[in-house]
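Residue numbers (the numbering used here): 818 to 1172. Note that CB positions come from ideal geometry on N, CA and C, so glycine has one too.
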Ligand SMILES: [Zn+2]
């Protein structure tokens, strides 16, 4: 989809505004008028912040998907295992509830996967319900009844389980998918002097995949050329290849020219985060800041589609700021990108060594 933002108008904007209003966001006196004005932008930013997305006030593919998913209330539709997997906040509430009750349903990510079906059937057996793996009003009601009994529920410390399970402890044989972000018509951010992010990401992807292959890993590079690929097309392709580790490569940007340094991201939403993702992302950002002498901006939990959709382990890497007056121009130098690739490799090695 083409991103929708400030100044856009039409049916799609009405749809966005209607969804925001249903979620309780204030759109000003004008309401859902089909005009993407300041109130709509503020509401979108707040929505993005709450859901751990990039708070840019623009509705791209990821934010649109989250808006749709946020609209699903528990019990409004039947939930069950099908392909493609059902997604939404109703699935998320189901997972949270089952998880609190001690049923192992895998990552709490709003996706109805096979592990969730097993947990649902387990719960139904325990509650004396029909063992059909289908969650409708009856199962939700049973889950709610239990909620009233149990009040002392530990939150925010959910172990990782199948999300983040890595079968190998060394690079030989490790399956790594690499997505150099943007490409084609999607340029990413631009540095002064015209250097665009899509080229740097690609150079880093090529360099890193060469290093990984030399170390015995098998690599799936999502693009080795300047082509346009949709966000969800990327995660689907990576997921279908079944990697042990997925890396999404970006370079950061900021309106403030002072921003510099390396950062990484792993999957998390307001209720769950991947422990293994955090560890892996931590080793990578450590290596980047140490070896390149860049400020350490640490690792953060985010709900980006690239992190949520690709299992079992996905890390987004942002080695530097393209907009920084010193860091930016250095990125045009292939040697500097080569050093970034080596640092990422060292980060992965350090992570695997301590699994
Ligand atoms: Zn980017």
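Query: Any residue whose CB is nearer than 6 Å to a heavy atom belonging to ligand 1, listed in chain order; Result: 998, 999, 1005, 1014 and 1067
Query: Coarse secondary structure for residue 1054, derived from DSSP in three states; Result: helix
Query: Outcome for residue 931 when other beta-carbon atoms lying within 10 angstroms are tallied against a minimum of 16; Result: exposed
Query: Spatial neighbours of residue 967 in its chain, beta-carbon cut-off 8 Å, leaving aside the 5 residues before and after; Result: Low confidence applies here, because residue 967 scores a pLDDT of 48, under 50, leaving its location unreliable and the question unanswered by this model.
Query: Under the three-state DSSP convention, the category residue 1084 falls into; Result: strand
Query: Residues bridged to residue 903 (per DSSP); Result: Residue 903 pairs with nothing; no bridge assigned.
Query: N-terminal and C-terminal residue of the alpha helix (DSSP H) that residue 1103 is part of; Result: 1092-1109
Query: Collapsed DSSP secondary structure at residue 1122 in the structure displayed; Result: helix
Query: Closest Cα partner of residue 927 within the set 1140, 1139, 906 and 861; Result: 906
Query: Beta-carbon proximity of residue 952 to residue 897, cut-off 8 Å; Result: yes
Query: Local conformation of residue 1000 per DSSP, three classes; Result: strand
Query: Environment of residue 1150 [buried if 16+ CB atoms lie within 10 Å]; Result: exposed
Query: Residue-chain proximity (residue 995, chain C), Cβ-Cβ < 8 Å; Result: Note that chain C does not occur in the displayed structure, where there is just one protein chain.
Query: In DSSP terms, what residue 883 is bridged to; Result: For residue 883, which the question treats as bridged, DSSP gives no partner whatsoever.
Query: Span separating the alpha-carbon of residue 891 from that of residue 1033; Result: 46 Å
Query: Cβ-based burial, residue 1106 [other Cβ within 10 Å; buried from 16]; Result: buried
Query: For residue 1009, the first and last residue of its enclosing beta strand (DSSP E); Result: Counting along the chain, residue 1009 falls outside any beta strand (DSSP E), and DSSP gives it neither H nor E.
Query: Beta carbon of residue 908 nearer than 8 Å to that of residue 929; Result: yes
Query: Straight-line Cα distance separating residue 1042 from residue 988; Result: 25 Å
Query: Option nearest residue 870 by Cα separation, candidates 1152, 1080, 1069 and 1119; Result: 1119
Query: Residue ranges of each alpha helix (DSSP H) within the region 838-883, 4 or longer; Result: 855-867
Query: Spatial distance of residue 878 from residue 1053 (CA atoms); Result: 14 Å
Query: Nearest-angstrom beta carbon gap, residue 996 and residue 1123 [assumed within contact, 8 Å]; Result: 7 Å
Query: Closest by C-alpha distance to residue 851, when choosing among 911, 821 and 1023; Result: 821
Query: Local Cβ density within 10 Å of residue 1170, reported as buried at 16 or more and exposed below that; Result: exposed
Query: Under 8 Å between C-beta atoms of residue 885 and residue 861; Result: no
Query: Distance, residue 1067 Cα to residue 1004 Cα; Result: 11 Å
Query: Range of the contiguous alpha helix (DSSP H) that encloses residue 1031; Result: 1014-1031
Query: Rounded separation between residue 979 and residue 1025 - CA only; Result: Because the pLDDT at residue 979 is just 46, under 50, the model does not fix this residue reliably, and the value given afterwards should be weighed accordingly. If I take the Cα positions, the gap works out to 27 Å.
Query: Residue 1055, buried or exposed, once every other Cβ within 10 Å from all chains shown has been counted against 16; Result: buried
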